[in-house]
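Participant: Sharing a structure below in structure tokens format, with a few things to ask.
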Amino acid sequence: MPDPASLPGSLARGEDENHSVTKAAGLIGAATFSSRILGFIRDMVLARLFGATAAADSFFVAYRIPNLLRELFAEGSMSAAFIPVFTEYHTLRAKRDAWELASAVFTTLVTVLTLVTIVGILAAPGIVWLLAPGFHGNPDKLAITTYLTRIMFPYLLFISLAALAMGVLNSVRAFVGPALSPVLFNLLIIGCALFLSPLLAEPILGVAVGVVAGGAAQFAMQLPGLWRRELLFGWRFEPGHPGVRRIGALLVPSLLGLSVTQVNITVSTILASFFAGGPTYLFYGMRLIQFPLGIFGVALATAILPTMSAQAARGALDELRATLGFGLRMILFIILPAMLGLILLRGPIVHLFFEHGSFTAEDTAATAAAVLCYAVGLWAFAGVRIIVAAFYSLQDTRTPALAAMGAVAANLVLALLLMGPLRHAGLALATALAAMLNWGTLVAVLNRRLGGVDWSSVGRSAARVLAAAAPVVLACVWVANLAVWSRQGEWAAKTVMLFVGIGLSVTGYLGAHALMRSEELEVLWRVVKGKVASADEGGQVR
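By the working numbering, the letter at position 524 of the sequence shown is numbered 682, and the numbering carries on one by one without gaps.
Here's what the structure looks like:
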């Protein structure tokens, strides 16, 4: 790769922006990795304590509401609607104007969402009745699910405010604090499950308390970062502020556009309530999918949105097209080998992490089936994030919303067709197929809107990725077929073999890219060298 300093202005700027996006995505990914590891520990604790019992099914149905809101607001629509408008104010206007906009949005959110939370608590019986039709014949199960929903509904307010704080910090290129905030969320759930739940007559209620406390902690953790940048929210009730109105106009369509996967998962949860253990199997299956998706897909989409928004604000569409193409290549570089690894190692991973205590071998097999069906669409789940970010940088939330409506309809039809023969796994497969349809629709429209993307470069990158994935397949097939997985216990040996397989896969994959002189690997290597240089010069990694 040429030295950016030797390139003409626009090309050098493109190289610098690619480097900045990759560096930001790396920081977000590293922070998210810490959170996801704790999330895995949290899930292992819950699986051990509650397994796939009726209490677990009730919790995961009730948790679908706050989890849906977390994934929509914290990883989606709030940033998509807020960042392009706030970036425009921060780039083209005085800092005071940007602060006033953020404060007006904060005050409006607090007012509206407090009312929504109160209504949600009062309407919880109806919400649960709609979300869990399979529970209608079990009044006790329906009652505990309703109670859990009421306890967790205030999470909506806290996670929305946390998402707003994240949007402000990301707009000024502060990524690590917001990405680390879910660490507190997971720690509080683990703490409540281990220490509060045993004190309660219905132990699962302690986990619900941890969800709400964790959401409040996520918001509080970001306030020092806002204060240091003189952007701490004030109380300005101005719902008629021009920026607030623009964000509101973008927010509702962006909710639809980015919510397609989560709405489809919610539909699956509703239908899975007809199968004993179905909601639990789908939850744990999607948790494994969200590990690479959150660390790489969401991280890259979060890092790339401020850059594309600034390019769109300047009218630099050539740069925007280049950034979009780079984002798609990086998604392929990371997500495709992760997808293959999950598909081939799904059984050992579920067995090692979850098959303890109340979680049985039958639960492992059922969860692994859900992982397989979700994983075939992992590339589409991640790719949609990048494509939708491009639309939102252009302040177009209508097109993703229309595409999402089509994908939701397709998911419902496919789910009804597949749930009979494949049970809960058919619901997971329907979600994956709907994501592929959504991706294809958005790509076709965006390609016309931007006058084309460098698809030949993306295609060459995909070919390199597929060729380099051969060592991943070989290593994973070898590990998955070892006799150790059929024996009881031997957890240390199983842990070692799983991580040996992962290590061989990563080493072989990166080695193959090095032999092909992959551009994506060179970009990552530049980021790593930059961090090492910073450590050598300053005594610590900056």
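Heads up, the beta-carbon is just placed ideally off N, CA and C, and yes, glycines get one too. Quick caveat, the model's predicted, so the values are computed rather than measured.
1. So Leu314 and Val274 are supposed to be a Cβ contact under 8 Å. How far apart are they, rounded?
2. Compare the beta carbon distance of Leu600 and Ile545 with 8 Å and say whether it is the shorter of the two.
3. Would you check if there are 3 or more beta carbon pairs closer than 8 Å linking the segment 422 to 436 to the segment 352 to 369?
4. Within 8 Å (strictly less), CB to CB, does Gly541 reach chain C?
5. Sorted by chain position, which residues of the same chain lie with C-beta nearer than 6 Å to Trp683's C-beta, five sequence neighbours on each side aside?
6. Round the Cβ separation of Arg194 and Phe449 to the nearest angstrom and send it over; I've been treating them as touching at under 8 Å.
7. Express the C-alpha separation of Thr522 and Asp529 in angstroms, rounding to a whole number.
8. Using 8 Å as the threshold, is the segment 491 to 510 in touch with the segment 434 to 448, meaning 3 or more CB pairs across them?
9. Can you list, in chain order, the residues of its chain with a C-beta nearer than 6 Å to that of Arg622? Leave out the 5 residues immediately preceding and following it.
10. Let me know if Trp649 comes out buried or exposed under the rule of 16 or more other beta-carbons within 10 Å of its beta-carbon.
11. Report the CB separation of Ala547 from Met466 in whole angstroms; it is logged as a contact under 8 Å.
12. Within its chain, find whatever has a CB closer than 6 Å to the CB of Gly436; leave out the 5 residues flanking it on each side and keep chain order.
13. Expressed to the nearest angstrom, what Euclidean distance is found between the alpha-carbon atoms of Ala586 and Ala638?
14. In angstroms with no decimal places, state the Cα-to-Cα distance between Gly406 and Ala239.
15. For Leu536 versus Leu451, is the C-beta distance shorter than 8 Å?
16. Let's test the definition: count the other Cβ atoms within 10 Å of the Cβ of Trp385 and tell me whether it reaches 16, buried, or not, exposed.
17. Provide the residue span of the alpha helix (DSSP H) that contains Ala527, from first to last.
18. Smallest Cα separation from Gly598: which of Gly564, Leu570, Pro579 and Pro629?
19. Are three or more beta carbon pairs between the segment 370 to 383 and the segment 304 to 319 nearer than 8 Å?
20. To the nearest angstrom, how far is the alpha carbon of Trp643 from that of Gly483?
21. Distance, Cα to Cα, Leu389 vs Leu408?
22. Might you give, ordered along the chain, the residues of its own chain that have their beta carbon closer than 8 Å to the beta carbon of Asn344, omitting 5 neighbours on each side?
23. Buried or exposed for Thr665, please, with buried defined as at least 16 other CB atoms from any protein chain shown within 10 angstroms of its CB.
24. Apart from the five residues on each side of it in sequence, which residues of its chain come closer than 7 Å, Cβ to Cβ, to Pro464?
Facilitator: According to the data block:
1. The residue given as residue 314 occupies position 156 in the sequence shown. The residue given as residue 274 occupies position 116 in the sequence shown. Yes, Leu314 and Val274 are in contact; Cβ-Cβ is about 7 Å, under 8 Å.
2. Working through the sequence shown from its first residue, we reach residue 600 at position 442. Working through the sequence shown from its first residue, we reach residue 545 at position 387. The answer is yes: Cβ separation under 8 Å.
3. The answer is no - the segment 352 to 369 does not touch the segment 422 to 436, with fewer than three Cβ pairs under 8 Å.
4. The chain labelled as chain C is not found in the depicted structure, where only one protein chain is given.
5. By 1-based counting over the sequence shown, the position of residue 683 is 525. So the list is empty, once near-sequence residues are dropped.
6. The residue labelled residue 194 in the question sits at position 36 within the sequence shown. The residue labelled residue 449 in the question sits at position 291 within the sequence shown. Confirmed, Cβ separation roughly 5 Å.
7. Taking the sequence shown and counting its residues from 1, one reaches residue 529 at position 371. Taking the sequence shown and counting its residues from 1, one reaches residue 522 at position 364. Note on identity: in this sequence residue 529 is Val, with Asp being the wrong assignment. Cα-Cα distance, rounded: 10 Å.
8. yes
9. Sequence index remark: in the sequence shown, residue 622 carries index 464 (1-based). Within the same chain, Cβ atoms closer than 6 Å to the Cβ of Arg622 are found at Met674 and Ser676, the five residues on either side in sequence being excluded.
10. As a working note, residue 649 is residue 491 in the sequence shown. The residue in question, Trp649, is exposed, as its Cβ has fewer than 16 Cβ neighbours within 10 Å.
11. As a position in the sequence shown, residue 547 is number 389, starting the count at 1. As a position in the sequence shown, residue 466 is number 308, starting the count at 1. Right, their Cβ atoms sit about 6 Å apart.
12. Translated into the one-based positions of the sequence shown, residue 436 becomes position 278. Sequence-distant Cβ neighbours of Gly436 in its own chain, meaning closer than 6 Å and more than five residues away, are Ala430 and His582.
13. Position 428 of the sequence shown, counting from 1, holds the residue named residue 586. Position 480 of the sequence shown, counting from 1, holds the residue named residue 638. Cα to Cα, the separation comes out at about 22 Å.
14. In the sequence shown, residue 406 corresponds to position 248, counting from 1. In the sequence shown, residue 239 corresponds to position 81, counting from 1. So the two alpha carbons sit approximately 8 Å from each other.
15. Walking along the sequence shown from the start, residue 536 turns up at place 378. Walking along the sequence shown from the start, residue 451 turns up at place 293. Yes, these two residues count as a Cβ contact at 8 Å.
16. Translated into positions along the sequence shown, residue 385 becomes position 227. Only exposed fits Trp385, as fewer than 16 other CB atoms lie within 10 angstroms of its CB.
17. Position 369 of the sequence shown, counting from 1, holds the residue named residue 527. Its alpha helix (DSSP H) spans residues Ala519 to Ala533.
18. Here residue 598 refers to the residue found at position 440 when the sequence shown is read from its first residue. Closest in C-alpha terms to Gly598, from the list Gly564, Leu570, Pro579 and Pro629, comes Gly564.
19. yes
20. Working through the sequence shown from its first residue, we reach residue 643 at position 485. Working through the sequence shown from its first residue, we reach residue 483 at position 325. Roughly 41 Å separates the two Cα atoms.
21. Taking the sequence shown and counting its residues from 1, the one referred to as residue 389 is at position 231. Taking the sequence shown and counting its residues from 1, the one referred to as residue 408 is at position 250. For Leu389 and Leu408, the distance between alpha carbons rounds to 22 Å.
22. Position 186 of the sequence shown holds residue 344. Counting only Cβ-Cβ distances below 8 Å, and skipping sequence neighbours, we find Ser193, Leu196, Gly197, Ile199, Arg200 and Gly372.
23. Translated into positions along the sequence shown, residue 665 becomes position 507. Exposed.
24. Numbered from its first residue, the sequence shown carries residue 464 at position 306. Only Ile241, Thr245, Asn328, Ser329 and Arg331 meet the Cβ criterion.
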